[in-house]
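Trainee: Pasting a structure below so you can have a look.
Residue numbers (mature numbering (1 follows the signal peptide of the UniProt record, and there is no 0)): -32 to -1, 1 to 375.
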């Protein structure tokens, strides 16, 4: 099971009726807690039958007496929407993520040399995944995001019918991780849905791919950067990564309809498709698929085998493309030749942080100044736009920032 493909089970929106009635009734917390404790006691036999020792189980659940309300809220409110291409990529491929990636490439070069030699996976792809999954580990420092994995998975298994089967499987796997001694229960932290470590592996994927790269006897993807990056490399290798090859190419396409399906790069070239930077394709016999995620007016790409391998991490085209584009920029490329069809003037990462700070000064935004434009920032922008008579589009634009600087 892949790291994030399986976790797509976590992305459906739940209605209030889909949650356990006992958990949602405000007048009965004692009943809800008693029910959870009863579930924990009952699941012990299942875990033991699955290979978890009773002592490990008891230690893992020591002090866990009630469901995590944050996990239930996250499960209930996870949105399903399709963000515009520019919105998705601007939040992930930007000057800050590139600069930090280049710093990390230098800092961890000796280990990246070893990982690349052992697994054959491009170091810049690994750095891009690290950025995408945890912002180079910064997410792991945030108490508002990191949760106790055992409690999170038990909460989902008990209180979320749609995720119960998945969470039960992951909970047994997480308990087995504790049993190996790779990490102790006080440090087994992850996302609300149980994704763990610097590169965000669900427990079953950790079991399949985790690597002790630094040789200390523990497969520690939380605290050991070599272990985390090697674990990601192992996943990509075992899913068919082709060493020495790229993920794909930005291209220009001719007018008129082009055929669908996979063709060799030479065949695409014969149809009038060329690299956007004017350079030749590296291997004309590689098969590729044409994708235009932002329509014909935006950038176009020919994706080869390694693009599909990245999707073993997260089965979404946008995710794999963001990893590829970020990896290329960390490696020194100048970015896209044809930019996304963005209906406003783009801000730099620092300008996006400034935008958030100025919105905060107006009392409209109370989130972190992280340069990432989520729902909170967009709502604040729209409120400000309404206040000053601008079109309420919520775009993090230079036009809005200039207004904020004047006021």
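Here a beta-carbon is modelled for each residue, glycine too, at the ideal position from N, C-alpha and C.
(1) Would you decide whether residue 136 is buried or exposed? Buried here means 16 or more other CB atoms lie within 10 Å of its CB.
(2) Within this structure, are the beta carbons of residue 83 and residue 201 separated by less than 8 Å?
(3) Let me confirm a value: residue 369 is counted as buried when at least 16 other C-beta atoms fall within 10 Å, else exposed. Which label applies?
(4) Please identify the residue among 340, 325, 336 and 346 whose C-alpha is closest to the C-alpha of residue 372.
(5) In angstroms with no decimal places, state the Cα-to-Cα distance between residue 7 and residue 168.
(6) Considering Cα atoms alone, identify which of 270, 247 and 252 is closest to residue 258.
(7) According to DSSP, which residues form a beta bridge with residue 255?
(8) Which residues share a DSSP beta bridge with residue 199?
(9) In chain order, what residues of the same chain have a beta carbon less than 6 Å from the beta carbon of residue 88, not counting five sequence neighbours either side?
(10) Skipping 5 residues on each side, what residues in its chain have a beta carbon closer than 6 Å to that of residue 158?
(11) Under the three-state reduction of DSSP, which class applies to residue 370: helix, strand or coil?
(12) Identify, in the order they occur along the chain, each residue of the same chain with its Cβ nearer than 8 Å to the Cβ of residue 138, setting aside the five sequence neighbours on each side.
(13) Report the three-state DSSP secondary structure of residue -10 (helix, strand or coil).
(14) Do residue 239 and residue 252 have their beta-carbon atoms positioned less than 8 Å apart in this structure?
(15) How would you label residue 231, buried or exposed, when you count the other beta carbons within 10 angstroms and need 16 or more for buried?
(16) Since residue 32 contacts residue 91 with CB under 8 Å, what's their CB separation in whole angstroms?
Mentor: In brief:
(1) buried
(2) yes
(3) buried
(4) 325
(5) 27 Å
(6) 270
(7) 232
(8) Its beta-bridge partners do not exist; DSSP assigns none.
(9) 211
(10) Cβ within range, chain order: 117 and 164.
(11) helix
(12) 121, 162, 170, 171 and 172
(13) In this predicted model, residue -10 has a pLDDT of only 39, less than 50, meaning its place in the structure is not dependable; the value taken from the coordinates is given anyway. The answer is helix: DSSP assigns residue -10 an H, G or I state.
(14) No, Cβ-Cβ distance for residue 252 and residue 239 is not below 8 Å.
(15) buried
(16) No, residue 32 and residue 91 are not in contact; Cβ-Cβ is about 39 Å, not under 8 Å.
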